[in-house]
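Have a look at this one:
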């Protein structure tokens, strides 16, 4: 046995190591690179970077972006450093780029692809010079007396008042009579100070069309055998900017010219620069433009078509769909992912998923190893949708499948452990949305049984809940072009697998080229051209926007109305497993024995839970800061003791009755012993309840606690959804069903922006059912684009035509169906809100849900037919599966957010750093969840005053989000907004304005101008305009933001206080100190009421008020005495921290605040 002292020493060493790890904070790292040209490039990295990250930084640097085939060497570590080497271990941090031979032809092709990727910004993203306006649009606009291409989607009404009144007489359930038409009224919108954004300008942010393209055309051709030398791969014909053709050969040693003069270089850019001064000038101008666009680099790396609006270059030739270089298979590109060729279809999936569920997971270290393997295996499984999509395409609308009954199974197959079922969708827009993917739901079990299983899964959930549920993990559903494919792992598990482990190959490029689901698109224009060339005729052929297609839409809607009216009003309620997990967390918080609020009366508690918008929930917010938090809680709950769901829950020390023993025995039959013990250890007493009783209690928690708490957090801006996707994510994370949107509208009566989002999401989901029904009813693929365009015209087109009775009847039918659908599905009755909905926002959400890619054009929604066949470019698969990341990482992220909210910056940095390390270890450095960790840590570091490092982290997050999530995803929008604030703090104000305006542009098409996030962005724009000296313009933005916050959140909201404070600062720049005093007094009054006197923000406001009052007195004294105006330089400093302000006012006075508090009181610019 080892000596006791040895054990003690070992334990102490482990404790010291753990303590040291907790104190490690990432830092900015200067990485010096010696280029092949013997010049030096200094990269701004971070201490967590590896060689792989350095290569990514080099690919984004204007001096090295064109170099692809090189290795990095170090004077101590030697040649060809491995991609996994940590940069922080290199002493000195100086690396040399060493050009390597092109040992494979694919390396030479990749080099050309990168060059094409760099110059793509000059040609691929510019608006078409022949921007077309559909003939029907202009004529209809003139007929209606309206202007074509109405710039503001907010002013585009979906219906006219007369038709609305007519539809009011139709039958439809009236679930609620609460008036919420004001929630979507344009009167809530802020004034658009800048020109209204247009969809046609979506890609302008990335376009350098004003520059001369360095390369006009590049074509690969094979060399003749007689001319081919040893080491030659292929020949390239390059047409450069001045029209000159240059013949180049790609070889092992690089690239060389053909002709009289022989030049050779490892880099094609270097070769062309030596050959042509015109190319050199054009390329230099492009690099200069990149630097002016963002002096920190941010050179685009591998743009992908991953947004519902295709690039303008695609819109010019939709039938060919010219891919961007990164995804162009002609240049070795692809849409990412693994297993596109089906090479992994025969993998022993069942055995490997079973092994994953058995891997040790007691400690965090074990879970990191297990979660990484689960992430890699699940990613490979999901990537198989590429081959599944090809299977669907092979059956799409062929002559054999046209006669197949709608809803019937079209194809069943078993490939190894994979069971694949493809069926044709039904033509029924009234069908209920399918329950989210759970493996046990596809085996014919009833809704009640599924709800029971999900509840038990939730209340017994731990960090391994996703990995242990192999049935859900091994299920993927793919919906595409009117067909649905279900892929399940059903193979037999190999015996004696318990002692085995699984080896999974790592992702190439660190996961930077993950699957872009949009790359699996079906180009509809190509299909139309192909079928026309073959002579395949359909009954609807050449009837674009015809009466036949419109009749098809009418038929689908009428059938839907008939079926909806026959549906019973009551239906079985489903349960998401996340609801059970949140319920347990809520009950655990109630069981705190030191809770002093238990003496409150039940009536008070009931009143506080009846939250509707902005009520007493701020008491919860204030109290939550002083209560012990359950670290890792993804969804905080109200913290009173005896809420409506806590009756009879808990242990009181009495002896168990026979009934409780029977309940426990019943429960043990349904869950494992380990799960039962875990439930018992929660201390909630749920283990002694009967299953039926648990179900009733869960529903009560759902209705009385979970939904009101959601609205409470919306009101406090703890959660701030900007579109349907974020709203869905927030609700699903808390186990809430989207069928409750109608109830959320009722509860949010004082939050019009939340009501508006919910109404828009309900309408979007309703439109989705119509569109899916129409798509399923189309027999010929060549008719799909025209049928979709006709459906969109029916749903979005204006029907305000006095002399067209059919259009008015269509609108009445549309409104009747919509009211019936919303009443049955969401329990909410539509009134005149339909008049003011944002059509572009609904169109965007509809494209995401159905999988449409459209031409980026300014659609005239005031016309009966805004869309044509040519606008519908392609359809992409909609893939649904369980997300597999790191539960521990998500817990750490949540802990970092909580610490930041409480002003505990050291803890926030600690948790955020650990979360980032965990996400990188499990998901890799370029995954979307890693981007979330980068983004949060950037915000935390910003509040500590480390603006440089915050900028680096946020730039990483933006690059990942643009590539992985899309150019208009909410996370991408947030990265733009946060990055602009960081640039502003670094005094790069012009750059900050460029990025904040991009965020504002994208917000316009998601939540519009009546949203707190848009108001916060207005405040940020104002502060940046102040920095540019445009104080009067700044005040316009600030007043609009103030009015918006007052209307949406109330005059006593913290966000409204931020608006008052920003206006006070702006007024001080104009030396209007008396007005500054008035606004800051209002700020202080709100903060004192909401946050208390001890909150740092309240103390900030008090210090600012003291300063403004002193300056106002000085100004009055100067006016009386006729002396020169006092120096107002303090105001020009913008947001000062309290400590800096006190030093300015009383430089000789010692501050009584600690250094930690000084850091916490740094000024905060409002975040979007």
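In the working numbering, the protein residues as written are 1361 to 2528. Beta carbons: idealized from backbone N, C-alpha and C, even for Gly.
DSSP-derived helix/strand/coil call for residue 1954: Caution is warranted here: a pLDDT of 44 is assigned to residue 1954, below 50, making its placement in the model unreliable, and the coordinate value is therefore given only provisionally. Looking at residue 1954 - three-state DSSP - the assignment turns out to be coil, as it is neither helix nor strand.
Residue 1698 versus residue 1864 - alpha carbon distance: 12 Å
Alpha helix (DSSP H) runs wholly inside the stretch 1618-1654, at least 4 long, in chain order: 1628-1635, 1637-1653
Residue burial classification, residue 2224 (beta-carbon count within 10 angstroms, cutoff 16): buried
Distance CB(residue 1908)-CB(residue 1692) smaller than 8 Å: no
Cβ-Cβ separation, residue 1625 to residue 1618 (assumed contact under 8 Å), whole Å: The Cβ separation is near 14 Å, so there is no contact.
Exposed unless 16 or more other CB atoms sit within 10 angstroms - verdict on residue 2306: buried
Residues bridged to residue 1456 (per DSSP): 1394, 1433
Cutoff 6 Å; reference residue 1846; Cβ partners in own chain excluding five residues on either side: 1781, 1837
Collapsed DSSP secondary structure at residue 1609 in the structure displayed: strand
Under 8 Å between C-beta atoms of residue 1673 and residue 1482: no
Residue 2168 vs residue 1876 beta-carbon contact at 8 Å: no
Residue 1411 vs residue 1445 beta-carbon contact at 8 Å: yes
Best match in 1636, 1628, 1622, 1589 for proximity to residue 1604 [C-alpha to C-alpha]: 1636
Residue range of the unbroken beta strand (DSSP E) whose run includes residue 1599: 1592-1600
Nearest neighbour of residue 1451, chosen from 1467, 1434, 1460 [CA to CA]: 1434
DSSP beta-bridge partners of residue 1778: 1775, 1849
Limits of the alpha helix (DSSP H) - the one that residue 2239 falls within: It is not in any alpha helix (DSSP H) - residue 2239 instead sits in the beta strand (DSSP E) that spans 2238-2241.
For residue 1832 and residue 2413, the rounded distance between their alpha carbons: 42 Å
Extent of the continuous beta strand (DSSP E) run through residue 2264: Residue 2264 -> no beta strand (DSSP E), and no H or E assigned at all.
Residue 2368 (DSSP reduced to helix, strand or coil): coil
C-alpha gap between residue 1935 and residue 2089, whole angstroms: 16 Å
Short Cβ contact (8 Å threshold) for residue 1476 with residue 1578: yes
Cut-off 6 Å between Cβ atoms - residues of its own chain near residue 1513, not counting five sequence neighbours on either side: In this prediction, residue 1513 has a pLDDT of 36, which is less than 50 and means its spatial position is unreliable; what the coordinates show is noted afterwards. Excluding sequence neighbours, residue 1513 sits near 2198, 2199, 2200.
Expected contact under 8 Å - CB spacing of residue 2209 and residue 2124 to nearest Å: 7 Å
Distance CB(residue 1325)-CB(residue 2246) smaller than 8 Å: With the chain represented from 1361 up to 2528, any question about residue 1325 goes unanswered, as that position is not in the structure.
Through-space distance from residue 2348 to residue 2436, alpha-carbon basis: 27 Å
Which of helix, strand or coil DSSP assigns to residue 1483: coil
Separation of residue 2155 from residue 2166, as counted between CA atoms: 14 Å
Inter-residue Cα distance where the pair is residue 2151 and residue 2130: 8 Å
Inter-residue spacing [alpha-carbon to alpha-carbon] between residue 1830 and residue 2321: 29 Å
Residue 2118, enclosing alpha helix (DSSP H) - first and last residue: 2112-2137
Coarse secondary structure for residue 1656, derived from DSSP in three states: coil
Range covered by the alpha helix (DSSP H) that runs through residue 1727: 1724-1743
Segment contact, 8 Å Cβ cut-off, at least three pairs: the stretch 2097-2110 with the stretch 1736-1752: no
Meets three-Cβ-pair contact criterion under 8 Å: the stretch 2254-2267 and the stretch 1865-1875: no
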